[in-house]
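What follows is a short report on a single structure.
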Amino acid sequence: MKIDPNDHRVQPGNKVDLAQRPTKIVPVYDSKKAYKKMLEAQVVELSELQRLNYASNRQAVLLIFQGMDTAGKDGAIRHVMSGVNPQGCQVFSFKQPSVEKLEHDFLWRTTKRLPERGRIGIFNRSYYEDVLVVRVHPELLRAQGFSDDAVAGSAIWDERFKSITDLEAHLHSNGTRVIKFFLHLSKEEQRERFLARIDEPEKNWKFSLADIQERRHWDDYMRAYEACLSATSTEESPWYVIPADDKKNARLIISQIIVEALQDLKMSYPKVSAVRRKELLKLRKQL
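In terms of this note's numbering, the sequence shown opens at residue 1329 and continues consecutively.
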């Protein structure tokens, strides 16, 4: 089955209803062997495109991964980016903000980690946490210095959506391509993965009481994601809703989307001038 990124893309202006978006689809692979072969081919192509991006040093790519706990963000990053040269790739994970970060605007801590030209930056969670987790737990706004009136109101979320889309438009116009993935997991599949973290000793370290507490807010998170995806998916910086119940399928879809996005950048290796070529030939003779 051919992977079409448009099947998963959130079109600008569309209102997202996650209940109507599948968490599992017919696999694009026939077997585990076929999956490995497909992923290996995509990883090789991605590595070549990343090398070209690094050499051309004209544009940056920012990949954002969001999703509920156990959705497979870490695994997708690890498998899809496994062949990329670390020199050209930067991965940052954003968890609970420190006191210092709370003293700044909500975009401050992530803006400092934006990728340089020629590099791929990966955000495992991102500034979107401040319209997701904080929306589900509005009391966190008080820690950011907001008044009770602001916490009780709804205008702040529209303002933050605008700040985000303004930032991403600025990044795009200055050579950074932003691609965003929401790993869409079913509640039942999350339950199964939590159970595996309890039943398998080597996975115990991944599980905490906080995971269960956040699971109780599942419906609130789905509403927050729907509002976020609807408001911030643009033509230049789209969201992709990835069916995540099948980890292998999700990785293949994600890697294909990244490959096609890099291909669209129309990159080329730097051209060598006639003068430089002459210098190189002289140096070659010395060797």
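Just so it is clear, CB atoms sit at the ideal spot from N, CA and C, and this is done for glycine as well.
Note that the coordinates shown come from a computational prediction; the quantities given were computed from them, not determined experimentally.
Residue interval of the beta strand (DSSP E) (run including residue i)
i               : result
asparagine 1413 : Where asparagine 1413 is concerned, there is no enclosing beta strand (DSSP E), given that its DSSP letter is neither H nor E.
valine 1419     : 1417 to 1421
Sheet register partners of residue i (DSSP bridge)
i                  : result
arginine 1505      : Val1389
glycine 1395       : Leu1511
phenylalanine 1451 : Ile1392 and Phe1420
Per-residue burial, residue i [other beta carbons within 10 Å of its own, 16 or more giving buried]
i               : result
tryptophan 1567 : buried
aspartate 1682  : An answer regarding residue 1682 cannot be provided, because it is not within the stretch 1329 to 1615 covered by the chain.
aspartate 1527  : exposed
lysine 1576     : buried
lysine 1401     : buried
leucine 1377    : buried
asparagine 1381 : buried
threonine 1439  : exposed
leucine 1580    : buried
leucine 1609    : exposed
leucine 1513    : buried
alanine 1399    : buried
valine 1338     : buried
proline 1598    : exposed
lysine 1508     : buried
serine 1583     : buried
alanine 1578    : buried
glycine 1341    : exposed
glycine 1473    : exposed
alanine 1552    : buried
glycine 1503    : exposed
alanine 1572    : buried
glutamine 1415  : exposed
leucine 1615    : exposed
Whether residue i touches residue j by CB criterion (8 Å)
i               : j                  : result
aspartate 1397  : glutamate 1554     : no
alanine 1497    : glutamate 1564     : yes
alanine 1388    : arginine 1447      : yes
glutamine 1418  : valine 1587        : no
isoleucine 1450 : threonine 1560     : no
serine 1454     : valine 1412        : no
isoleucine 1353 : valine 1506        : no
valine 1459     : arginine 1488      : yes
arginine 1379   : arginine 1445      : no
histidine 1336  : leucine 1367       : no
alanine 1589    : leucine 1511       : no
leucine 1499    : leucine 1435       : no
leucine 1390    : proline 1443       : yes
isoleucine 1585 : proline 1333       : yes
glutamate 1457  : phenylalanine 1422 : yes
lysine 1343     : serine 1558        : yes
valine 1464     : aspartate 1548     : yes
arginine 1525   : lysine 1534        : yes
Where the alpha helix (DSSP H) through residue i begins and ends
i               : result
isoleucine 1405 : 1401 to 1408
asparagine 1381 : 1360 to 1384
glutamine 1614  : 1602 to 1614
glutamate 1457  : From DSSP, glutamate 1457 is part of no alpha helix (DSSP H); its letter is neither H nor E.
arginine 1470   : 1468 to 1471
arginine 1441   : It is not in any alpha helix (DSSP H) - arginine 1441 carries neither H nor E in the DSSP assignment.
leucine 1430    : 1427 to 1430
Chain C contact for residue i (CB, 8 Å cutoff)
i              : result
aspartate 1548 : No chain C is present in this structure, which holds just one protein chain.
Residue i: CB within 7 Å of a non-hydrogen atom of the ligand FAD
i           : result
valine 1461 : The ligand FAD is not part of this structure, which contains no ligands at all.
Exercise. Which ranges would you report for the beta strand (DSSP E) in the stretch 1527 to 1581 if only whole runs of at least 3 residues count?
Worked result: Listed in chain order, the beta strand (DSSP E) elements of length 3 or more contained wholly in the stretch 1527 to 1581 are 1567 to 1571.
For this session: Write down every uninterrupted run of the beta strand (DSSP E) in the stretch 1329 to 1354 whose length is 3 residues or greater and which is fully enclosed by it, in chain order.
Result: Within the stretch 1329 to 1354, no complete beta strand (DSSP E) segment of 3 residues or longer occurs.
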